[in-house]
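Undergrad:
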Amino acid sequence: MTDASRLDGLTSWRSDWSGLRVLVLGAGVTGFAAADTLAELGAEVLVVAPKVDDDRVRVLQVIGARLLQHPLDAVPDEVAAFDPELVITSPGFHPDHPLLEWAASEQVAVWGDIELAWRVRDKVEPAAEWILVTGTNGKTTTTQLTATMLAAHGLRAAPCGNIGVPVLDAVRDPGGFDVLVVELSSYQLHALPLTGPGALHPVSSVCLNIADDHLDWHGSAEAYRAAKAKVYEHVRVACVYNKSDAATERMVREADVEEGARAIGFDLGVPGPSDFGIAEGVLCDRAFLDDRRNTALELTTLDELAQAGLAAPHVVANILAAAALARSVGVPPATVHDALASFRLDAHRIEQVAAADGVSWVDDSKATNPHAAQASLAAYPSVVWIVGGLLKGVDIDALVAGHVDRLRAVVVIGVDRAPLVAAFARHAPGLEVVEVDSADTGDVMRHAVASAAGLAQAGDTVLLAPAAASMDQFTDYADRGRRFAGAVHEYLGGEADDGSAPRAPGHAG
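Here it is as C-alpha cells:
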C-alpha cells in the first residue's frame, strides 16, 4: 500500500526519494528513462518486462535497478514480494492490464513518466517552463515548429515527450533549458492527475484536433477525448484551440485554468480578435498585440510557405498553432517568420519521394489514422491511394465517402483490408480497387507500387496515406515509408526525378 503523505511530499529533485520501492513497467524508452531517473534519486527500483535485450540488461545492472524478465499476462510473485510503494506505467500498458489492476486492488499509486518528470523538473534550476502539445494528428510537426521558433528567439528549447526524447531525459540534461515543448499522447495524458502535486501547470497548451483514434486502448471515444482534454488543465497563459474543431473549443471552456489564461483560436480562415488565421494569403496574429480589434501582425505568407514545401492545409494549421504557442511566450513575429524560412518537415510526412512521367509519388506513412489521411488526401486533386494496415477499431466509412471524387484508383494493403474494400464498394462502386494480399513484408510495397504505377496517369499523385497503424506488416510507420520509397525507386529506376521536389504541394487548398 502507498504511503500517500510521503508521495505527496515528493515534489522536487531535492525531495527524499531514497529507499522508495518503485515498480517500473516496461524497459523500453519510457521505462528505462524512469528507472534511470529513480535509481539516480536513490529509489529502490524493480523493472518488469517480458523481454529485454542484452545491452539494456547490462545498463540496468550498472545503474543499480533490478530486472525481472517475466510474461506479463499475470502478476509475478516477485512483484507482490517487492511490495512497491509506487508503480510507474508506460504507454504500452493498457489501463486494464493485470499489473495495473493489481496495483489498484493493493492501493498502490500509479504515475506515468510525465508526472514523474514534472515532480523532478527542478534538477537544473531554474526549472524550464512547459508548453504542451497534443491532438489526434500534427503533434510532432507542431512540437518541432514551436521549438524551432523558440530557439530562433534565443531560448534554450527542447522538443520532447511522445516525439521520441523522454521528458525525463530533458529535465536531467545538465545544460538545462528555458522551455520544454512536450508532445503528449492520449496514453500519457490518461495517466496524469488533475489535482495534487503531480498535476501539470503549463505556460501554454494546444489540442490541435480530435478524431476517434486508439479506441481499442481507451475503450470509448469519450474516454479518448477526456484524456486529450487534460492538456488544458491549469494553463497559465494561453489555451490554443482549433476554431474548426468544436471539441477543442469545448475542452477550453470546460478546463480549470489559472486566472488570466486566455483562449486563442486558430484556423485557415480570416482571424478575429484573439485569433490566428489567414487574410489575403498572409498568416496573421490578432491575439498578442495591443490593438487586436483593429490590426494584425504579419507572420509569413502562403507563397513563402509554398516555396519551403509547407503549404499543405494541415501543415499551415500546425504552423498557426505553433506560432500562437511561440507568441504566448514572447517570440516576435519577425522571428517566427525567420524560423519558418529554414524549417523542413520530417521524413514520412507528405514527403515527395519521386516524380516521373507526370506522376508524383508521396510518402505520408505517418498518416496512421483516418483523420491524418483526410488531411493528406485534401492536399492533392487526383490520387491513386495506397491505404490500409491495422485500423485499431476505427470506422473508415466517412473518410472514404468524403474523398471519392479525388480518387483515380485505390491499392489496399494490410490485414484489415475487408472493411476498406467494403467501404469503397458502398461509396464508389465504379472505382478500381486492387488488393495486395501478400503477407511478406519485403513484397508488400513492391506489389503495391507496381499496381499503383499501372493505375496512375499524368497529373496524378500516388499517395501512401494508410489511415492505419503499421505493425501488422512493418516495424513502424517509418519502416513502412522507407519500404515504399525503396519500392518506388526500384520500380522507376533511372526515370525518377526526385532531386528538388518539395515535400508538399505548392498550394494551401
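Numbering of the sequence shown is given in the numbering used here, commencing with residue 8 and proceeding in unit increments.
Heads up, the beta-carbon is just placed ideally off N, CA and C, and yes, glycines get one too.
Would DSSP call Arg487 helix, strand or coil?
TA: Looking at Arg487 - three-state DSSP - the assignment turns out to be helix.
Undergrad: Under three-state DSSP, which class holds Gln195?
TA: Gln195: helix per DSSP, three-state reduction.
Undergrad: Quick one: is Gln464 buried, meaning 16 or more other Cβ sit within 10 Å of its Cβ, or exposed?
TA: So Gln464 counts as exposed.
Undergrad: My output table needs one value for Phe436: the three-state DSSP class, helix, strand or coil.
TA: Per the sequence shown, residue 436 should be read as Pro rather than Phe. Residue state, collapsed to three classes: coil.
Undergrad: Put Asn249 into one of helix, strand or coil per three-state DSSP.
TA: In the structure shown, Asn249 sits in a strand (DSSP, three-state: E or B).
Undergrad: Is Thr302 close to chain C? Criterion is C-beta to C-beta, closer than 8 Å.
TA: The structure shown contains no chain C; it holds only a single protein chain.
Undergrad: Determine the direct distance from the alpha carbon of Pro83 to that of Phe350, and round the result to whole angstroms.
TA: Rounded to the nearest angstrom, the two C-alpha atoms are 48 Å apart.
Undergrad: For Asp444, count neighbouring C-beta atoms within 10 Å of its own C-beta (all shown protein chains included) and say buried if the count is 16 or more, exposed if not.
TA: Its Cβ having fewer than 16 others within 10 Å, Asp444 is exposed.
Undergrad: Looking at C-alpha atoms only, which residue of Val117, Ala42, His454, Ser212 is the closest neighbour of Thr153?
TA: Checked all of Val117, Ala42, His454, Ser212; the closest Cα to Thr153 is Ser212.
Undergrad: Between the beta-carbon of Val419 and the beta-carbon of Val440, is there less than 8 Å?
TA: Closer than 8 Å, so yes.
Undergrad: What's the gap between the Cα of Val360 and the Cα of Arg243?
TA: Val360 and Arg243: Cα-Cα distance of roughly 42 Å.
Undergrad: Have a look at Gly35, Asp61, Leu74 and flag the residue whose alpha-carbon is nearest the alpha-carbon of Val29.
TA: Of the listed residues, the one whose Cα sits closest to Val29 is Leu74.
Undergrad: Who are the Cβ neighbours of Ser22 in its own chain at under 7 Å, not counting the five residues just before and after it?
TA: Answer for Ser22: Gly16, listed in chain order.
Undergrad: Just the Cα atoms here: how many angstroms apart are Thr18 and Val186?
TA: Going from the Cα of Thr18 to the Cα of Val186 covers about 19 Å.
Undergrad: Short check: CB of Gly38 to CB of Ser97, under 8 Å?
TA: Yes.
Undergrad: With which residues is Phe273 paired in a DSSP beta bridge?
TA: DSSP output for Phe273 lists Asn249, Phe283 as bridge partner(s).
Undergrad: How is Pro98 classed by DSSP in three states: helix, strand or coil?
TA: Reduced to three states, the DSSP call for Pro98 is coil.
Undergrad: May I have the straight-line CA-CA distance separating Gly337 from Ala159, to the nearest angstrom?
TA: Spanning the two alpha carbons is a distance of roughly 12 Å.
Undergrad: Helix, strand or coil for Pro166? Go by DSSP, reduced to three states.
TA: Strand, per DSSP.
Undergrad: Quick check: the Cα distance between Val86 and Gln114, rounded to an integer number of angstroms?
TA: C-alpha separation (whole angstroms): 14 Å.
Undergrad: In angstroms, rounded to a whole number, what distance separates the CA positions of Ala503 and Phe491?
TA: Low local confidence applies: a pLDDT of 49 at Ala503 is under 50, so the model's placement there is unreliable, and no value is given.
Undergrad: Look up Glu22 in the DSSP assignment and say whether it is helix, strand or coil.
TA: Note on identity: in this sequence residue 22 is Ser, with Glu being the wrong assignment. The answer is coil: DSSP assigns Ser22 none of H, G, I, E or B.
Undergrad: Going along the chain, which residues of its own chain have a beta-carbon closer than 7 Å to the beta-carbon of Ala41, five neighbours each way excluded?
TA: The residues are Val31, Ile95, Asp120, Leu123, Leu175.
Undergrad: Rounded to a whole number of angstroms, what is the C-alpha to C-alpha distance between Pro473 and Ala405?
TA: Going by the C-alpha atoms only, they are around 15 Å apart.
Undergrad: State the start and end residues of the unbroken alpha helix (DSSP H) segment that holds Gly211.
TA: A small fix is needed here, since residue 211 is Ser in this sequence, not Gly. Segment 211–214 is the beta strand (DSSP E) holding Ser211; no alpha helix (DSSP H) there.
Undergrad: Quick check on Ser383: buried or exposed, where buried means 16 or more other Cβ atoms within 10 Å of its Cβ?
TA: Burial call: buried.
Undergrad: What three-state label does DSSP hand Ala508 in the structure shown?
TA: For Ala508, the predicted model reports a pLDDT of 33, less than 50, meaning its position is unreliable; a value from the coordinates is still stated below. Residue state, collapsed to three classes: coil.
Undergrad: Could you tell me which of Pro280, Ala303, Arg299 sits nearest to Val289, measuring between CA atoms?
TA: Cα-wise, what sits closest to Val289 is Ala303.
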